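> Take this structure, written in structure tokens, and hold onto it; I'll ask about it next.
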Amino acid sequence: MQKIRIAALGWTQEALTLGAMRALKSAHRVLLRTGKIGAADWLRAEGVPFETLDALYDACDDFDELNRRIVAAVEAAGDVVYGVPDLRDETVGLLLRACGAELLPGVPTEGALLAHAQGAAMCLAAADWEDFQPSAHVDCLVREIDSRPLASEVKLRLMEAYPAQAPVLFAAPGGAVAAIKLSQLDRMQEYGPRACAYVSRVEDIQRLERYDFAHVEEIVRRLRAPDGCPWDREQTHESMRANMLEEAYEVVDAIESGDMDALYDELGDVLMQVALHAQIAREHGEFDMSDVTTAICRKLLFRHPHVFGDASADSSDDVLALWEVQKKKEKPRDTLSEAMRGITRALPAAKRAAKVQKKAASVHFDWDSAQEALGKVAEEAAEVQAALAQGSGVEEEIGDLLFSVVNVARLAKVDPELALSGATKKFIDRFAGMEAAILRDGRRMEDMTLAEMDRYWEQEKNGM
């Protein structure tokens, strides 16, 4: 019966454990991933026959092919002890999934640096630098830094979280440990599979050059603490309603202006609002940030069955239709009017009106085209005119007029909020041009008639 045992042998003879020695001596057959380790010298001295898989390195085009061929060779070897420097070798995982194996642990390659990992710490292979998610909240140990270019990639990725001057303990291939700065990680004399680096967490948040979401939460907790900021401690969900709306509008403004620097800054303001609401709720035992993130993740998973399930959607229209189907499953409504009432009242009036109209359109209670709906605008405008003449019902009729205009915009596939915002900007730009022309002529708007200003307005309008 085939029996595969995988032994962690380390890089030097001193790293060999008693269990590994016994396994190697009693093995029917010994395969080493590489003969460039101390175990190979020990096996020769002990007269134990072994084979290495070093020849496969030159025969393969990349590491994926190399690992597949190593696994195939080990599986074909029958009753074998397969020796690797470290059990975190990728071929070990592949063998475990393919056929199972008995594991013989050994001394980790990072050795004495592990003594510094007293709390939360990440332990990563340098070759996986592209997948790193570094966080200055925890210590980080990077092993197997086998070349200067790799050290450079690791350094740059770690500097996305840790300061360039963060203290690092670097263990050279020979075992000597040096205290350096993170910025010096790719300036060492020697690298190799045994080279490791240990970066400590940053306790002083003000020393950081970059921050992640966990730091946002940490800062907000500090602001809400008894010795924090008086204004932040006074805030409630209700007191911050206007702030949330204002920050969201500023995000939209940054998008419309194409100002990417302003966009990430304004998105940060929205994120702070989210963190502050979550902290307030946490203090009152209502919910916390993990509830917020869990809710949105579950919603995204559920509403994208074409990505995370078996449904299909070939176009954006298909996706939107599927989204509405999934929403109805989440929040079933007995009637369509209930669904309309469920549309949040905090939305801008034009946007809420468009959403209500869209609900009505789902049962074909709608105009066939924007052109047909335009006739309703004329009808409502006449009713506004009549209300103005009568001196009553003006607000209601103007509301009907605006609702009908939203209908035209929706059917024309135009966002009424954006359309009105664009018209307002255009008015401001034209007014500024008109004002500038009047001032150039040495005149004052306060002294002019409406007809005089209108002539300047038309000049500006035609010139634009």
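If you're matching positions, the sequence shown starts at 1 in full-length UniProt numbering and goes up one per residue.
We put the CB at the ideal spot given by N, CA and C, even for glycine.
Quantities reported herein were computed from a predicted structural model and do not represent experimental measurements.
1) Excluding sequence positions up to five away, which residues of its chain have a Cβ less than 7 Å from the Cβ of residue 286?
2) Report the residue from 67, 81 and 421 whose alpha carbon sits nearest the alpha carbon of residue 30.
3) Measure the alpha-carbon distance for residue 42 versus residue 6 and round it to whole angstroms.
4) Does the Cβ-Cβ distance between residue 254 and residue 263 come in under 8 Å?
5) Would you list, in sequence order, the uninterrupted beta strand (DSSP E) runs of no fewer than 3 residues that lie entirely inside the stretch 174-229?
6) Determine whether the beta carbon atoms of residue 384 and residue 372 lie at a separation below 8 Å.
7) Ignore the nearest five residues each way along the sequence and tell me which others in residue 445's own chain have a CB closer than 7 Å to its CB.
8) Check whether the Cβ atoms of residue 197 and residue 135 lie closer than 8 Å to each other.
9) What is the DSSP secondary structure of residue 82, counted as helix, strand or coil?
10) With burial defined as no fewer than 16 other Cβ atoms inside 10 Å of the residue's Cβ, what is the status of residue 132: buried or exposed?
11) According to DSSP, simplified to helix, strand and coil, what is residue 372?
12) DSSP puts residue 8 in a beta bridge; with which residues?
13) My parser needs the beta strand (DSSP E) runs of 3 or more residues fully inside the stretch 96-128; what are they?
14) Would you mind giving the Cβ-Cβ distance between residue 141 and residue 85, rounded to the nearest angstrom? I have them listed as a contact below 8 Å.
15) Are residue 144 and residue 125 closer than 8 Å when you measure CB to CB?
16) Among the residues of its own chain, which have a CB less than 7 Å from the CB of residue 370, if the five just before and after it don't count?
17) Find out if the Cβ-Cβ distance for the pair residue 114, residue 4 is shorter than 8 Å.
18) Between residue 28 and the rest of its own chain, which residues show a CB-CB distance below 6 Å, the 5 nearest in sequence each way excluded?
19) Going by beta carbon distance, what residues of the same chain come within less than 6 Å of residue 374, once the five residues before and after it are set aside?
20) Output yes or no for whether 8 Å exceeds the beta carbon distance between residue 212 and residue 224.
21) Roughly how many angstroms separate the alpha carbons of residue 127 and residue 64, rounded to a whole number?
22) Once DSSP output is grouped into helix, strand and coil, what is the label at residue 348?
23) Please state if the CB of residue 217 and the CB of residue 247 are separated by a distance shorter than 8 Å.
24) Could you give the first and the last residue of the continuous beta strand (DSSP E) run that contains residue 139?
25) Apart from the five residues just before and just after residue 146, which ones in its own chain have a Cβ nearer than 6 Å to its Cβ?
26) Within the chosen definition, does the stretch 155-165 reach the stretch 181-188 through at least 3 CB pairs nearer than 8 Å?
27) With DSSP run on the structure shown, which of helix, strand or coil describes residue 52?
28) Can you tell me the Cα-Cα spacing of residue 37 and residue 109, whole angstroms?
29) Quickly, what does DSSP pair residue 168 with across the bridge? List them, please.
30) Label residue 460 either buried or exposed according to how many other C-beta atoms from any shown protein chain fall within 10 Å of its C-beta, with 16 as the threshold for buried.
31) Please report the residue range of the alpha helix (DSSP H) in which residue 394 lies.
32) So for residue 32, helix, strand or coil by DSSP?
33) Smallest Cα separation from residue 241: which of 338, 252 and 273?
The answer reads as follows:
1) Counted from its first residue, the sequence shown places residue 286 at position 286. Spatial neighbours of residue 286 in its own chain (CB-CB distance under 7 Å, excluding positions within 5 residues in sequence) are not present.
2) On the sequence shown, position 30 is the one that residue 30 refers to. The residue among 67, 81 and 421 with its C-alpha nearest the C-alpha of residue 30 is 81.
3) Your numbering for residue 42 matches position 42 in the sequence shown. Your numbering for residue 6 matches position 6 in the sequence shown. Looking at the two C-alpha atoms, the distance is approximately 17 Å.
4) Translated into positions along the sequence shown, residue 254 becomes position 254. Translated into positions along the sequence shown, residue 263 becomes position 263. With contacts defined by Cβ atoms closer than 8 Å, residue 254 and residue 263 form a contacting pair.
5) Counting only runs of 3 or more, we get 177-181 and 196-199.
6) As a first step, residue 384 is located in the sequence shown; it is residue number 384 there, counting from the start. As a first step, residue 372 is located in the sequence shown; it is residue number 372 there, counting from the start. No.
7) Numbered from its first residue, the sequence shown carries residue 445 at position 445. Apart from the 5 residues on each side of it in sequence, residue 445 sits with its Cβ closer than 7 Å to the Cβ of 435, 438 and 453 in its chain, given in chain order.
8) In the sequence shown, counting from the first residue as 1, residue 197 sits at position 197. In the sequence shown, counting from the first residue as 1, residue 135 sits at position 135. Result no, Cβ atoms of residue 197 and residue 135 do not sit closer than 8 Å.
9) Along the sequence shown, read from residue 1 onward, the residue named residue 82 stands at position 82. Assignment of residue 82 by DSSP, reduced to helix, strand and coil, places it in the strand class.
10) For this step, residue 132 is matched to residue 132 along the sequence shown. The C-beta of residue 132 has 16 or more other C-beta atoms within 10 Å across all chains shown, which makes the residue buried.
11) On the sequence shown, residue 372 is found 372 positions in, with the first residue counted as 1. The answer is helix: DSSP assigns residue 372 an H, G or I state.
12) Here residue 8 refers to the residue found at position 8 of the sequence shown. BP columns for residue 8 point to 84.
13) Taking only runs of at least 3 residues, the beta strand (DSSP E) segments lying wholly in the stretch 96-128 are 102-104 and 121-125.
14) Locating residue 141 in the sequence shown gives position 141, counting from the first residue. Locating residue 85 in the sequence shown gives position 85, counting from the first residue. Approximately 16 Å separates the beta-carbon atoms of residue 141 and residue 85; this is outside 8 Å, ruling out the contact.
15) One-based indexing of the sequence shown puts residue 144 at position 144. One-based indexing of the sequence shown puts residue 125 at position 125. Cβ atoms of residue 144 and residue 125: closer than 8 Å.
16) As a working mapping, residue 370 is identified with position 370 in the sequence shown. The beta carbon of residue 370 sits closer than 7 Å to the beta carbons of 408, 411 and 412 from its chain, once the five residues preceding and following it are set aside; these are given in chain order.
17) Translated into positions along the sequence shown, residue 114 becomes position 114. Translated into positions along the sequence shown, residue 4 becomes position 4. With respect to the 8 Å criterion, residue 114 and residue 4 are not classified as neighbours on the basis of their beta carbons.
18) Residue mapping note: residue 28 aligns to position 28 of the sequence shown, counting from 1. So the list reads 79, once near-sequence residues are dropped.
19) By 1-based counting over the sequence shown, the position of residue 374 is 374. Sequence-distant Cβ neighbours of residue 374 in its own chain, meaning closer than 6 Å and more than five residues away, are 408.
20) On the sequence shown, residue 212 is found 212 positions in, with the first residue counted as 1. On the sequence shown, residue 224 is found 224 positions in, with the first residue counted as 1. In this structure, residue 224 does not lie closer than 8 Å to residue 212 by Cβ.
21) Mapped onto the sequence shown, residue 127 falls at position 127. Mapped onto the sequence shown, residue 64 falls at position 64. Between residue 127 and residue 64, the C-alpha separation is close to 13 Å.
22) Position 348 of the sequence shown, counted from the first residue, corresponds to residue 348. Note: residue 348 maps to coil in three-state DSSP.
23) Here the question's residue 247 lines up with position 247 in the sequence shown. Here the question's residue 217 lines up with position 217 in the sequence shown. No, these two residues do not count as a Cβ contact at 8 Å.
24) As a first step, residue 139 is located in the sequence shown; it is residue number 139 there, counting from the start. Under the DSSP assignment, residue 139 falls in the beta strand (DSSP E) whose first and last residues are 139-143.
25) Indexing the sequence shown from 1 puts residue 146 at position 146. The beta carbon of residue 146 lies closer than 6 Å to those of 191, 192 and 193 in the same chain, with the five residues before and after it left out.
26) Counting Cβ pairs under 8 Å, three or more are found: they touch.
27) Here residue 52 refers to the residue found at position 52 of the sequence shown. It is a strand residue.
28) The residue labelled residue 37 in the question sits at position 37 within the sequence shown. The residue labelled residue 109 in the question sits at position 109 within the sequence shown. Approximately 12 Å, taken between the alpha carbons.
29) Position 168 of the sequence shown holds residue 168. Beta-bridge pairing links residue 168 to 180 and 199.
30) In the sequence shown, the residue the question calls residue 460 occupies position 460. Under this definition residue 460 is a buried residue.
31) Residue mapping note: residue 394 aligns to position 394 of the sequence shown, counting from 1. Start and end: 394-411.
32) Here residue 32 corresponds to residue number 32 of the sequence shown, with the count starting at 1. If DSSP states are grouped into helix, strand and coil, residue 32 belongs with the strands.
33) For the purposes of this step, residue 241 is taken as the residue at position 241 of the sequence shown. Sorting 338, 252 and 273 by C-alpha distance to the C-alpha of residue 241 places 273 at the top.
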